[in-house]
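Engineer: My questions all concern the structure below.
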Amino acid sequence: MEVVPGRGGEVGTPPPPIGAGWQRMNGSSLQDRAPASLRDRTYRSHVLDRLAEYCCELLGVDQSCVYVREPGSHSGTLVASCGLGERGAETPNGDLIDLVLALGEPVVVTRGNDTAQLSTWGSTGVTDAHAAAPIMSDGVIRGALSVSAGQPTHRFAPRDLRILCELADFAAAALDHEEVPAELERLAHTHVEALASSIAVGEGYTTREAKRVVELAVRVGEACGLAPIQLLELEFAARVRDVGKIGIPDTVLRNPGPLDRDGWKLVRSHPVWSAETLGHTPGLEAVASVVQFHHERWDGSGYPDGLERDRIPLPSRIVLACEAFVAMTAERPYRPALSGDRALVELRACAGSQFDPDVVEALIGVVESESSV
18 MEVVPGRGGE
28 VGTPPPPIGA
38 GWQRMNGSSL
48 QDRAPASLRD
58 RTYRSHVLDR
68 LAEYCCELLG
78 VDQSCVYVRE
88 PGSHSGTLVA
98 SCGLGERGAE
108 TPNGDLIDLV
118 LALGEPVVVT
128 RGNDTAQLST
138 WGSTGVTDAH
148 AAAPIMSDGV
158 IRGALSVSAG
168 QPTHRFAPRD
178 LRILCELADF
188 AAAALDHEEV
198 PAELERLAHT
208 HVEALASSIA
218 VGEGYTTREA
228 KRVVELAVRV
238 GEACGLAPIQ
248 LLELEFAARV
258 RDVGKIGIPD
268 TVLRNPGPLD
278 RDGWKLVRSH
288 PVWSAETLGH
298 TPGLEAVASV
308 VQFHHERWDG
318 SGYPDGLERD
328 RIPLPSRIVL
338 ACEAFVAMTA
348 ERPYRPALSG
358 DRALVELRAC
368 AGSQFDPDVV
378 EALIGVVESE
388 SSV
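In the working numbering, the protein residues as written are 18 to 390.
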């Protein structure tokens with residue numbers, strides 16, 4: 018058994034590719050395959066059910082389950098699963114889930130280690146490889162997401178653990194929303210599909226930074242008067258804006274120096290690739306448009322189409338400004354982080370050229386309101 022520090026240490030060798038599972042998912046809607054009882058559940062239950070299915074598909078495993086820890090409890094209660102158990106079953110003391118809940122870190126159990134205490138992994142007994150990650154919200158451990166594989170040679174690679182941890186983060190977001198309006202739920206049903214693509218990118222952008230972009234984008238969108246459905250589309254777009262970078266080599270994405278002509282051409286193509294990926298997901302057409310144009314600049318010097326001013330969708334202008342602010346205030350290997358005040362000065366200096374002036378003022382208002390609390 019191994020506790021994985023920092024959500025993603027290397028464990029064993031990579032399992033088989035997961036691309037086939039992703040192709041199968043795109044060919045048949047999980048919403049169509051789900052029974053009516055699942056479709057009628059709350060947003061939380063529906064998303065967690067689908068999340069469990071996606072874990073199996075994406076990671077090529079046999080079993081997946083989501084456990085939630087109620088306040089005051091040391092154990093988790095099974096609330097969603099794929100290929101395992103029934104809802105409402107509590108995990109006993111000593112189980113892998115309890116260990117994850119206690120440690121707050123991912124845990125991997127492989128064949129040959131002592132797994133005698135893992136007694137709740139189905140009636141067929143313990144399988145050969147297990148991994149679990151904590152579901153955390155605001156520093157509180159809310160539950161755990163676990164997967165199991167029965168192949169004797171299966172090992173969980175760093176990418177698998179990164180995907181598992183990212184999906185655990187999405188589960189945390191779902192736990193914070195018991196009910197949503199039906200119109201918003203329609204889009205939420207497809208969000209995991211887009212998220213599942215984006216989490217494989219691994220560009221070195223921290224989870225905290227990614228969440229900060231989303232948080233700021235929504236608040237700026239509110240300040241700019243976007244309607245509720247537009248705010249949801251904006252939130253999705255901010256989360257998955259760089260999904261197209263999955264096709265760019267790491268040597269380009271992680272290059273700290275200036276890119277050559279070919280590398281820059283690849284980078285400039287990612288908004289279009291992102292939009293194409295999202296455009297294949299029913300219900301995310303508007304999100305795809307936001308993503309496609311989030312590198313366009315107010316003066317027309319951006320990419321991919323050189324749009325300017327109001328020809329650029331307002332949500333795209335918002336994402337661009339919020340992403341720039343978060344990037345400036347984050348430390349990079351090639352430069353120190355700017356202070357929030359200094360980053361706001363830079364934003365204002367570029368208003369009217371790179372950024373929409375109204376969006377910049379809205380963003381400044383949001384950031385300043387945070388510092389005054």
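Backbone N, C-alpha and C define an ideal beta-carbon position, used for all residues, glycine too.
Quantities reported herein were computed from a predicted structural model and do not represent experimental measurements.
#1: Below 8 Å on the Cβ atoms is my contact criterion, and I expect D316 with E325 to pass it. Report the Cβ-Cβ distance as a whole number of Å.
#2: So, is L276 buried or exposed, given that buried needs 16 or more other C-beta atoms within 10 angstroms?
#3: Considering only residues of the same chain and omitting the five flanking positions on each side of L337, which have a CB-CB separation below 7 Å?
#4: Could you give the DSSP three-state label for F372: helix, strand or coil?
#5: What does a CB cutoff of less than 7 Å around A189 pick up in its chain, not counting 5 residues either side in sequence?
#6: Let me know the secondary structure DSSP gives R359 once reduced to three states.
#7: Rounded to whole angstroms, what is the Cα-Cα separation between W138 and T127?
#8: What are the uninterrupted segments assigned as alpha helix (DSSP H) that are 4 or more residues long and contained completely in the segment 171-197, given in chain order?
#9: Under a Cβ-count criterion, where at least 16 other Cβ atoms within 10 Å of its own Cβ denotes burial, should H393 be classed as buried or exposed?
#10: Since H287 and G319 should fall inside the 8 Å C-beta cutoff, what is the C-beta to C-beta distance between them, to a whole number of angstroms?
#11: Pull up the DSSP beta-bridge partners for P151, would you.
#12: Going straight from the alpha carbon of A344 to that of R225, what length do you get?
#13: Quick check: E250 and V307, are their CB atoms within less than 9 Å of each other?
#14: With a CB to CB cut of under 6 Å and the five nearest residues on each side skipped, what residues in its chain are close to E340?
#15: Any idea what DSSP makes of L276, helix, strand or coil?
#16: In angstroms with no decimal places, state the Cα-to-Cα distance between Q168 and S92.
#17: List the whole-angstrom C-beta distance separating A146 from F173, where the pair is believed to meet the contact cut-off of C-beta under 8 Å.
#18: Would you decide whether A69 is buried or exposed? Buried here means 16 or more other CB atoms lie within 10 Å of its CB.
#19: Tell me whether the beta-carbon of A150 lies closer than 9 Å to the beta-carbon of P123.
#20: Assign S90 to buried or exposed, taking buried as 16 or more other Cβ atoms, counted over all protein chains shown, within 10 Å of its Cβ.
Structural biologist: Considering the structure as presented:
#1: Indeed, because the Cβ distance is near 6 Å, the residues count as touching under 8 Å.
#2: So L276 counts as exposed.
#3: H311, H312, F372.
#4: It is a strand residue.
#5: Result list for A189: I152, M153, S154, R159, in chain order.
#6: Helix.
#7: In this predicted model, W138 has a pLDDT of only 37, less than 50, meaning its place in the structure is not dependable enough to derive any value.
#8: Taken in chain order, the whole alpha helix (DSSP H) runs of length 4 or more contained in the segment 171-197 are 175-192.
#9: In the structure as shown, the chain begins at 18 and stops at 390. Residue 393 is therefore absent and cannot be evaluated.
#10: Contact doesn't hold; Cβ gap of about 13 Å is too wide.
#11: P151 pairs with A161.
#12: So the alpha carbons of these two residues sit roughly 12 Å apart.
#13: It is a contact, given that the beta carbons lie within the stated cut-off.
#14: Closer than 6 Å at the Cβ level, and outside the excluded window around E340, lie V230.
#15: In the structure shown, L276 adopts coil according to DSSP, grouped into three states.
#16: Between the alpha carbons of Q168 and S92 lies a gap of roughly 28 Å.
#17: Confirmed, Cβ separation roughly 7 Å.
#18: The residue in question, A69, is buried, as its Cβ has 16 or more Cβ neighbours within 10 Å.
#19: A150 places its beta carbon less than 9 Å from that of P123.
#20: With fewer than 16 Cβ atoms within 10 Å of its Cβ, S90 is classed as exposed.
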